[in-house]
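First to last, the sequence lines map onto chains A and B. Those letters in the first sequence? Residues 27 to 138, per our numbering, in order. Those letters in the second sequence? Residues 3 to 119, per our numbering, in order. For reference, the structure is listed below as structure tokens.
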Amino acid sequence: AQSVTQLGSHVSVSEGALVLLRCNYSSSVPPYLFWYVQYPNQGLQLLLKYTTGATLVKGINGFEAEFKKSETSFHLTKPSAHMSDAAEYFCASRYNTDKLIFGTGTRLQVFP
Amino acid sequence: GAVVSQHPSWVICKSGTSVKIECRSLDFQATTMFWYRQFPKQSLMLMATSNEGSKATYEQGVEKDKFLINHASLTLSTLTVTSAHPEDSSFYICSALGGDSYNSPLHFGNGTRLTVT
């Protein structure tokens with residue numbers, strides 16, 4: 027069965043520091059993978075997605091993620107955190123159906 | 003870009019009443035829409051898949067008689083919470099599939115916060 031695991035429900039970084047949010051997927055065939063951001067009381071905004079092709083995917087707001095099949099991972103990174111990056115981040119996968127399966131989410135806090 | 007409008011953004015209702023939430027795709031047609039429920043500080047749980055002109059497909063454990071879904075047009079899906087109770091209080095989010103293939107983009111509404119008193 028398809029599933030997505032996000033390690034760490036909370037991540038705290040200082041402004042300007044590297045952001046690393048972890049995501050691992052579980053499926054027999056690599057699915058399409060997504061990262062979404064959610065601000066309080068709002069819906070989800072797509073940061074980036076991996077379908078096929080280049081394994082390093084660049085998204086909005088300076089975020090990027092690398093698909094590593096050997097590690098079944100799709101970690102999200104940003105070189106330098108900004109206060110406005112504080113939000114909830116969800117990794118999600120979709121394979122062979124239209125359903126989007128979400129991870130449990132990681133709350134990113136950014137300290138000045 | 004594609005916009006999904008969800009209305010209302012928040013609603014407070016009394017226990018036993020019904021509440022309807024609308025999800026509209028404003029500038030594209032969506033044959034498939036999804037309804038999610040999100041509890042505080044938790045992830046999104048898929049409730050049902052809504053297909054235009056046909057019955058919704060509910061996920062295991064979701065009461066179809068309590069959460070009525072109607073997808074009468076290519077731009078509108080509605081979720082009606084019938085005989086609402088306090089435990090139905092949650093954040094409900096819809097999303098619309100912007101295409102016919104499973105790698106088509108998903109566009110999310112801004113959610114509806116339901117509070118049942």
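Cβ coordinates follow ideal geometry from the N, Cα and C atoms, glycine included.
Pick from Thr103(A), Pro56(A) and Glu92(A): whose alpha carbon is nearest that of Leu46(A)? Thr103(A)
task: Would you list the one or two residues that DSSP bridges to Ser52(B)?
output: Met35(B)
Taking Cβ positions, are Ala107(A) and Gly42(A) nearer each other than 8 Å? yes
(message) Against chain B, does Thr81(A) count as a neighbour if the rule is that its beta carbon must be under 8 Å from one of theirs?
(response) no
Q. How about His109(B) and Val6(B): are their beta carbons less than 8 Å apart?
A. yes
Residue range of the beta strand (DSSP E) that Ala98(B) falls in? Ser92 to Leu99
query: How would you write the range of the beta strand (DSSP E) that Gln135(A) sits in, first residue to last?
result: Thr132 to Phe137
**Prompt:** Given a limit of 9 Å on CB to CB distance, which residues of the region 108–138 of chain A reach chain B?
**Reply:** Glu114, Phe116, Ala118, Arg120, Tyr121, Asn122, Thr123, Asp124, Lys125, Leu126, Ile127, Phe128, Gly129, Thr130, Gly131 and Arg133
Contact list for Gln28(A) against chain B, beta-carbon separation under 8 Å: By Cβ distance, chain B contributes nothing, its closest Cβ being about 12 Å from Gln28(A), past 8 Å.
CA-CA distance, Leu44(A) and Gly88(A)?
-> 11 Å
Residue from Thr117(B), Asn112(B), Ser106(B) and Thr114(B) with nearest C-alpha to Thr34(B): Ser106(B)
Open item on the list: Run through chain A and tell me which residues come within less than 7 Å of Leu28(B), C-beta to C-beta.
Closed with: Near Leu28(B) there are no residues of chain A at all, since even the closest Cβ is about 14 Å away, more than 7 Å.
Open item on the list: At the level of alpha carbons, what is the spacing between Trp12(B) and Asn67(A)?
Closed with: 9 Å
Please report whether the beta-carbon of Asn50(A) lies at a distance below 8 Å from any beta-carbon of chain B.
no
Report the three-state DSSP secondary structure of Asn87(A) (helix, strand or coil). helix
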